[in-house]
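S.K.:
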Amino acid sequence: MDALNSLIDVSRYSGTTFLLAADTGILPERAERIMRSMVDGIIQFRTVHAGDRINRFINIPKLKGVLPMGKMIPFYITGDGISIDTRERVG
Numbered sequence: 054m055d056a057l058n059s060l061i062d063v064s065r066y067s068g069t070t071f072l073l074a075a076d077t078g079i080l081p082e083r084a085e086r087i088m089r090s091m092v093d094g095i096i097q098f099r100t101v102h103a104g105d106r107i108n109r110f111i112n113i114p115k116l117k118g119v120l121p122m123g124k125m126i127p128f129y130i131t132g133d134g135i136s137i138d139t140r141e142r143v144g
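Mapped onto this note's numbering, the consecutive letters of the sequence shown carry residue numbers 54 to 144.
(1) Would you mind working out which of M125, D133 and L73 sits nearest R89, comparing C-alpha positions?
(2) Give, in chain order, every unbroken run of the beta strand (DSSP E) that is at least 3 residues long and sits entirely within the region 77 to 125.
(3) Measuring straight from C-alpha to C-alpha, what distance separates D76 and I107?
(4) For F71, which of N58, M122, I79 and R142 has the nearest alpha-carbon?
(5) Which whole-angstrom value is the C-beta distance of I113 and M122, which I expect to be below 8 Å?
(6) Give the C-beta separation of K117 and G94 to the nearest angstrom, bearing in mind that I take them to be a contact with Cβ-Cβ under 8 Å.
(7) At which residues does the alpha helix (DSSP H) containing R65 begin and terminate?
(8) Strictly by DSSP, which residues pair up with F71?
(9) In whole angstroms, give me the CA-to-CA distance for L80 and D133.
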């Protein structure tokens, strides 16, 4: 955690942003909770296998200065890149 504290201090002092990527379950649960409390933002990617389909979702439960959306947003990987589905579903 000392290394993470140092990175956060340098980032805030210099006004830069760094991205730390980690899968859930890699670190001990306590360390993961501490890390989540220290960072300015969390972006989660989920993959759900449904039969022969793969459904992908993005969730942003924490982002400095922004209220959390509280929902999973579908996205698709295409030949042109990533396409985020922003349509509202009713019902």
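Cβ coordinates follow ideal geometry from the N, Cα and C atoms, glycine included.
M.R.: Concretely, from the data shown:
(1) The residue given as residue 89 occupies position 36 in the sequence shown. Measuring C-alpha to C-alpha distances from R89 to each of M125, D133 and L73 identifies L73 as the nearest.
(2) Counting only runs of 3 or more, we get 94 to 103 and 106 to 116.
(3) For the purposes of this step, residue 76 is taken as the residue at position 23 of the sequence shown. For the purposes of this step, residue 107 is taken as the residue at position 54 of the sequence shown. Distance between the alpha carbons of D76 and I107: 19 Å.
(4) Here residue 71 refers to the residue found at position 18 of the sequence shown. Selection N58, M122, I79 and R142 evaluated against F71 yields N58 as nearest (Cα-Cα).
(5) In the sequence shown, counting from the first residue as 1, residue 113 sits at position 60. In the sequence shown, counting from the first residue as 1, residue 122 sits at position 69. Contact between I113 and M122 holds: CB atoms are separated by about 6 Å, below the 8 Å threshold.
(6) Translated into positions along the sequence shown, residue 117 becomes position 64. Translated into positions along the sequence shown, residue 94 becomes position 41. Contact flag correct, Cβ pair sits at about 6 Å.
(7) If you number the sequence shown from 1, residue 65 lands on position 12. For R65, the enclosing alpha helix (DSSP H) has its first and last residue at D55 to S67.
(8) Position 18 of the sequence shown, counting from 1, holds the residue named residue 71. Its beta-bridge partners do not exist; DSSP assigns none.
(9) Translated into positions along the sequence shown, residue 80 becomes position 27. Translated into positions along the sequence shown, residue 133 becomes position 80. C-alpha separation (whole angstroms): 34 Å.
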